[in-house]
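Its first residue numbered 1096, the sequence shown is counted upward by one per residue in our numbering. Glycine included, every Cβ here is placed at the ideal spot set by N, Cα and C. No experiment lies behind these values; they were computed from the predicted model shown.
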Amino acid sequence: MVVAGDGIAPHEAWWRDAVVYEIYVRSFADGDGDGTGDLAGVRSRLDYLSDLGVDALWFTPWYLSPLADGGYDVQDYRVIDPAFGDLVEAEVLIAEAAERGIRTIVDIVPNHVSSEHPWFRAALADPSAPERALFWFRPGRGENGDLPPTEWTSSFGGPAWTRTTDPDGSPGQWYLHLFAPEQPDLDWSNPAVRHEHADVLRFWFDRGVAGIRVDSAAFPAKDPALPVTIDADAHPHLDRDEVHEIYREWRTIADEYSLPRMLVGEVWLADDERFVRYLRDDEMHGAFNFEFMVTPWDADALRSAIQRTLAAHESISASPTWALGNHDVTRAATRYGRADSSFSFDAKRFGTETDAALGLRRARAAALLAAALPGSLYIYQGDELGLPEVEDLPLHALRDPMHERSGGVDPGRDGCRIPLPWTASDPASGFGGDPWLPQPDGWSELAVDRQLADPLSTLALYRSLLRIRRDEAALHDAPLEWMPSDAHTIAFRRGDLLCLTNFGSESVALPLHHRLLISSAPLDGERLPGDCAAWLRL
Ligand code: NOJ
């Protein structure tokens, strides 16, 4: 077994300013040539990640799963999905990353499990099974019980309830699933649910995992009265006070370790005051900053998103997180090239035009902006290569339940999950076998080996900016100080380092005395071109 923290110098609050790289294992690198990314693939690329300059890896779920929702339907937390490897290999991977000073974060999904989880199978097999009490089974409404118990809808579209069939073939009760029907919601008021998750946390912490990413963190607690309709101000299944008890217990477990473990939550909440409640001293260490991620490429809008984020986190001395993308969201290089570059799940439609060159130019500038902000930085695999969203996947190739459940209206999230290109001259751009999602034409031009040979590539930019970020003390401990700037520019200092981002199309003058540390595109003499960012030493 791996000893926790091997090869890592103890630095308790590492998460406050860490660079965390998100690995969607299926699409990262395929070590055994079967077309699905795996742990062997990740192990073979650890030097790449170390050279990139990341401090930690967040693995989206790698556990046994029927993959009805890309692994967020967990069948068994103590087993690695055989498509990815096995537990011994996960332990080796954690240790090999630690030898390079890289920590590991795993994903825990408290809201639901897979419908193939032994608890749910037992609950389905027998209407009187005690396992029913671990979920939300209820009789239907209406004369024959053929209306769902409430009118709630699933986040993936369609009703949030599915009716079961009893073993004798007659229609049975309904069960709640806020996501796909293959993801039944757990009832967290049941102590067995709490105990099991406490055990799962220890299982992974004991294997050297440094942190937990908490999936859909605001969802697990439900109003036991299950109101049929949802009033505007009521939140029967989102952000209920009881949910905080879960994270207080998890924090206690994280703090039991001599090198304390961290918790980072996926908390999509518009209300800042309610958002920061997840970051109180005895709860999580961080939560994803979706406001920054979904804000369009606009100086005023992004400045105010940054200001709100900083103010909210300062109010409780928590450290913010910054991310341009993840496995659920349209890639930044495509999003920022659209006339409306904001992101919302509702607006994610087929056929919204994008200017690819402009999008990439802005995504590179956004990387500099995000990396200069106080807090931790999360990078989604492939964003360091400037990968675009793949928007023309053939319908038969789509795998994301979001597509099917929306009746084909939403393209789903496959387009940001295309297997990475590693070597331009190899089949499948060096990913491994025939990729589980098809790579588009031209993918190999974005391959890692090609970008490593090009000093102007997006990968070269990321490697440089992460190296400077690591070395510049001001980017770790100096507060952010806003500087006066024109309407299309965001300007702030961290110590003697100035970060300037020009959102306009015209160039802007740089300060008279400075030394350029890095820019997202070549400067225009002494001027910063449009859609470009730079870090300057004053
Ligand atoms: C959030 C995850 O990021 C997403 O991929 C998943 O579909 C939902 N939670 C449901 O688990």
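Residue pairing from DSSP places G1306 in a beta bridge opposite I1200 and M1357. In the displayed model, V1115 falls within a strand according to three-state DSSP. Inter-segment contact for the stretch 1311 to 1326 and the stretch 1185 to 1195 is absent: fewer than three beta-carbon pairs are separated by less than 8 angstroms. Nearest neighbour of M1497 by Cα position, chosen from S1223, P1266, S1265 and F1274, turns out to be F1274. A distance below 9 angstroms separates the beta carbons of L1141 and I1197.
A contact between stretches requires three or more CB pairs, one per stretch, nearer than 8 angstroms, and the stretch 1406 to 1413 meets this requirement with the stretch 1365 to 1378. In this structure, R1508 has its beta carbon less than 8 angstroms from a heavy atom of the ligand NOJ.
R1227: not part of any beta strand (DSSP E); DSSP gives it neither H nor E. Between P1606 and L1570, the C-beta spacing is not below 9 angstroms. The closest CA to that of L1162, considering only D1176, R1512 and F1314, is found on D1176. Distance from the C-beta of Y1167 to the nearest heavy atom of the ligand NOJ is below 8 angstroms.
Within the DSSP bridge table, the entry for F1154 names I1118 and V1201 as partners. Cβ contact annotation for S1501 (same chain, cutoff 6 angstroms, sequence separation greater than five): G1252, in chain order. Excluding five sequence positions before and after S1559, the CB atoms of its chain that fall closer than 7 angstroms to its own CB belong to I1613, given in chain order. In the DSSP assignment, V1174 falls within the beta strand (DSSP E) that extends over D1171 to I1175. At a Cβ-Cβ threshold of 9 angstroms, A1316 and V1295 do not count as neighbours. Restricting attention to P1415, H1330 and A1434, the CA atom closest to the CA of A1465 is found in P1415.
Per DSSP, the beta-bridge partners of V1603 are L1623.
Restricting attention to I1585, A1217, R1289 and A1329, the CA atom closest to the CA of F1598 is found in I1585.
In this structure E1107 touches P1355 by the C-beta definition: roughly 6 angstroms separates them, less than 8 angstroms.
In terms of Cβ geometry, A1418 and M1379 do not form a close pair [threshold 9 angstroms].
Residues of the same chain with a CB within less than 7 angstroms of the CB of A1305, apart from the 5 flanking positions on each side, are A1151, R1198, T1199, I1200, R1356 and M1357 in chain order. At least 9 angstroms separates the beta-carbon of D1280 from that of W1214. In the structure shown, the three-state DSSP call for T1553 is helix. When the alpha-carbon of D1241 is set against those of P1266, L1633 and L1595, the nearest one is in P1266.
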